[in-house]
Structure formats: C-alpha cells, structure tokens
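Q: Counting from 1216, one number per residue, gives the positions in the sequence shown under our numbering.
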Amino acid sequence: ALKSEISKNEDQLKEYQTYKKFLEDLTPGEWKGERTQRRAVRKAERKKKRAEEKAAAPPTQAATPKRTPLPKARPSIAGRRKASTQMLPDTDSLVSGVSAETPATESDYESDDSCELFFQDPQQLLNIFAELEEQNLSLIQNSQETEEALDEMKQTIENTKAK
C-alpha cells in the first residue's frame, strides 16, 4: 500500500514538473532575469543575517565535546572497554551544542519565492494562447499563399516548356 502511494505521488510530481516547465517556457525572459536578481538579493540578505546572528551569539562550551582521560593503570579487558567508552564524546553535549549553535529557521526549509510564477491570473495564459493562435493562423495563411504562388510558377514553367 505504501509503495503504491509513493509511486502515485512520484507520478503526480512528474506531472506537476511538466506543468511547471511548460509555464516556465512561456514566461518572458525579462521577468526571469528580475526573479533571479531578487533571489540573489534575498539569499545575500539571509546569509548576512545569519552571519550577524552567529557573530552576536556568544560561543557555547557545549559545542566542544567533553572527554575523560584514560586511567593510568593497565586495567583488565572489561576495564579497557569501559575506558574506551569514556573517551567517546559526551553525546548529550554534542546534541545540545548543535541545536544551540544552529537553530533551524523557517527560511532554511522554505524559500519564499520557490514557486513564484509569472502568471498570477489564468487570463494571462488565455491571452498568450490567443496571441499564439493568431500567429499560427497567420503563418498557415502565409504558407498557403506561398504554396499557391509556387503552384502558379510551376504551371507557368510547364506552359513555357510546352510552347
């Protein structure tokens, strides 16, 4: 059941990615450039903000693992196992150090413009489709006129050869 749900979601994701690519292909290049610039500015601002927060936060000692020294005497095997585990970093201090050092912020998980699209209204797409349809009809009409002219030229050449 879980595999079928995963497969279904993957198919849906592929379909949505196809739609996104289609919309991206219709998006004007100027707008794409502006969006790229806005993203770069926001990214730089977030980076600067994180650097300021990191510089403002006092360094914590919890980030450095605590180690206990080995006993000087040569203990038995059981004692050696105990001593070797004592040299491992204190995992509680590591976990608390990581969470204290790098708090997860919403901007780490979500990009505010990750799904920013040029098209905000369905009418925009309809207008583009109408414009493309007009261009296509014009091209079809133009090619038909050219074909007719070609046929006339062929007829004229055949008439000239026959004389």
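Note that beta-carbon positions come from the ideal geometry of N, C-alpha and C, so glycine has one too. Computed from a prediction, not measured in an experiment: that's the story for all the values here.
I need the DSSP call for SER1358, collapsed to helix, strand or coil.
A: By one-based count along the sequence shown, residue 1358 stands at place 143. Three-state DSSP puts SER1358 in a helix.
Q: How many Å lie between VAL1256 and ARG1250 at the Cα?
A: Taking the sequence shown and counting its residues from 1, one reaches residue 1256 at position 41. Taking the sequence shown and counting its residues from 1, one reaches residue 1250 at position 35. Looking at the two C-alpha atoms, the distance is approximately 10 Å.
Q: Would DSSP call THR1242 helix, strand or coil?
A: The residue you call residue 1242 lines up with position 27 of the sequence shown. Looking at THR1242 - three-state DSSP - the assignment turns out to be coil, as it is neither helix nor strand.
Q: Return the chain-ordered list of same chain residues with a C-beta closer than 6 Å to the C-beta of VAL1310, the five sequence neighbours on each side being excluded.
A: Position 95 of the sequence shown, counted from the start, is the residue given in the question as residue 1310. Confidence in VAL1310 is poor, its pLDDT being 40 and thus under 50, which makes the residue's placement unreliable; the coordinate value appears in the next sentence. Cβ within range, chain order: n/a, list empty.
Q: Leaving out five residues on either side along the sequence, give the residues of the same chain with a beta carbon under 7 Å from the beta carbon of GLN1338.
A: Here residue 1338 corresponds to residue number 123 of the sequence shown, with the count starting at 1. Counting only Cβ-Cβ distances below 7 Å, and skipping sequence neighbours, we find nothing.
Q: Would you mind working out which of ASP1366, THR1375, GLU1220, LEU1332 sits nearest LYS1247, comparing C-alpha positions?
A: Along the sequence shown, one-based indexing puts residue 1247 at 32. The shortest Cα separation from LYS1247 among ASP1366, THR1375, GLU1220, LEU1332 belongs to LEU1332.
Q: Give the DSSP-derived three-state secondary structure of PHE1333 in the structure shown.
A: Taking the first residue of the sequence shown as position 1, residue 1333 is located at position 118. Of the three classes helix, strand and coil, the one that applies to PHE1333 here is coil, per DSSP.
Q: DSSP on ALA1271, reduced to helix/strand/coil?
A: Position 56 of the sequence shown holds residue 1271. In the structure shown, ALA1271 sits in a helix (DSSP, three-state: H, G or I).
Q: Using three-state DSSP, classify LYS1263 as helix, strand or coil.
A: Reading the sequence shown from its first residue, position 48 is the one you call residue 1263. Three-state DSSP puts LYS1263 in a helix.
Q: Which residue wins for smallest C-alpha separation from ILE1343, given the options THR1233, GLN1252, TYR1231, LEU1238?
A: Here residue 1343 refers to the residue found at position 128 when the sequence shown is read from its first residue. Considering only alpha carbons, the answer is LEU1238.
Q: Check whether the Cβ atoms of PHE1334 and LEU1340 lie closer than 8 Å to each other.
A: Counted from its first residue, the sequence shown places residue 1334 at position 119. Counted from its first residue, the sequence shown places residue 1340 at position 125. The answer is yes: Cβ separation under 8 Å.
Q: Can you tell me the Cα-Cα spacing of SER1222 and TYR1234, whole angstroms?
A: Taking the sequence shown and counting its residues from 1, one reaches residue 1222 at position 7. Taking the sequence shown and counting its residues from 1, one reaches residue 1234 at position 19. Approximately 19 Å between the Cα atoms of the pair.
Q: Taking the straight line between their C-alpha atoms, what separation do you get for LYS1236 and LYS1376?
A: Against the sequence shown, residue 1236 aligns to sequence position 21. Against the sequence shown, residue 1376 aligns to sequence position 161. When rounded, the distance between both Cα atoms is 55 Å.
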